[in-house]
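Please read the structure below before turning to the comments.
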Amino acid sequence: MLRPDYPIKTGRLLLRPFEERDLADLHALTSDPEVVRYLYWEVHDEAGTRDALSRQMAQGELTGEGQRLVLAVQLRATGQVIGQVVLKWVSVAHHQGELGFVFNRAFHGKGYAREAAEVGLRLGFEELGLHRVTAACDVLNEPSWRLMERLGMRREAHFVEDEIFKGQWGEQLIYAILAREWRSRNASRPASSATTG
Numbered sequence: 001m002l003r004p005d006y007p008i009k010t011g012r013l014l015l016r017p018f019e020e021r022d023l024a025d026l027h028a029l030t031s032d033p034e035v036v037r038y039l040y041w042e043v044h045d046e047a048g049t050r051d052a053l054s055r056q057m058a059q060g061e062l063t064g065e066g067q068r069l070v071l072a073v074q075l076r077a078t079g080q081v082i083g084q085v086v087l088k089w090v091s092v093a094h095h096q097g098e099l100g101f102v103f104n105r106a107f108h109g110k111g112y113a114r115e116a117a118e119v120g121l122r123l124g125f126e127e128l129g130l131h132r133v134t135a136a137c138d139v140l141n142e143p144s145w146r147l148m149e150r151l152g153m154r155r156e157a158h159f160v161e162d163e164i165f166k167g168q169w170g171e172q173l174i175y176a177i178l179a180r181e182w183r184s185r186n187a188s189r190p191a192s193s194a195t196t197g
């Protein structure tokens, strides 16, 4: 079971459950065709974003297998929500999880996604007790798989034309990191890079 103490603070960010006031910021993300290009859903109109927000507001804890923890990523300096991080509890028996992230295009390339994704991994390994966390992306989504590599995840598979994705054959890359690899990697990092309570 995972019920984090919110907000979770990093150097530049706050991570917390979504709230009603996040509608406009979330819509800026969900209505951008470039942001959703490699995701399983299409561009949202405002009603679609409102429905998504309603679901996400109820995903602030993990109490069972198959559930998703969905956290808004908020800039500490301005209060703007610039993205989201998702941690799925894939298997209780095998201690498996899956990491996901989506960010507003205006904030790409600034290290925010890495800062937030590291929180997702910490929650999975330190608080949920996972053994292994995976992440997947389209082979064409280079910024996403580059981030996975910066997080210390290793590429384990390249699925060729494994599904029809948005009307054409798609290809997926699968990345993973084990708890012991994550601990070893973080033991050698400076304390200033760690998240704070």
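Its first residue numbered 1, the sequence shown is counted upward by one per residue in full-length UniProt numbering. All residues carry an ideal CB built from backbone N, CA and C; glycine is no exception.
Going by DSSP, what residue range makes up the alpha helix (DSSP H) through residue 199?
Any question about residue 199 goes unanswered here, given that the chain covers just 1 to 197.
Given 8 Å as the limit, is there contact between the stretch 41–53 and the stretch 76–89, that is, 3 or more CB pairs closer than that?
no
Do the stretch 26–37 and the stretch 121–135 meet, that is, are 3 or more Cβ pairs less than 8 Å apart?
no
Quick test of your reading: Gln74 and Leu14, contact by CB under 8 Å. State the CB separation rounded to the nearest angstrom.
4 Å
Would you say Glu171 and Arg105 are within 7 Å of each other, going by their C-beta atoms?
no
Any idea if Glu46 is buried or exposed, counting beta-carbon neighbours within 10 angstroms, 16 or more meaning buried?
exposed
Rounding to the nearest angstrom, what Cα-Cα distance links Arg154 and Met148 in this structure?
8 Å
Could you tell me which whole beta strand (DSSP E) segments of length 3 or greater appear in the stretch 125–193?
132–138, 154–165 and 168–178
Using alpha carbons as the reference points, say which of Gly109, His158 and Val133 lies closest to Ile82.
Gly109
Alpha-carbon to alpha-carbon, Gln56 and Ala113:
19 Å
Under a Cβ-count criterion, where at least 16 other Cβ atoms within 10 Å of its own Cβ denotes burial, should Glu161 be classed as buried or exposed?
exposed
Beta strand (DSSP E) runs wholly inside the stretch 79–120, at least 3 long, in chain order:
Whole beta strand (DSSP E) segments, 3+ residues: 81–91 and 96–103.
Going along the chain, which residues of its own chain have a beta-carbon closer than 6 Å to the beta-carbon of Arg37, five neighbours each way excluded?
none
If I measure Cβ to Cβ from Asp32 and keep anything under 8 Å in the same chain, skipping five residues before and after, which residues do I get?
Val43, Asn104 and Arg105
Can you tell me the Cα-Cα spacing of Gly60 and Glu118, whole angstroms?
17 Å
Using the beta-carbon count (16 or more within 10 Å), is Gly64 buried or exposed?
exposed
For Leu23, the first and last residue of its enclosing alpha helix (DSSP H):
Leu23 to Thr30
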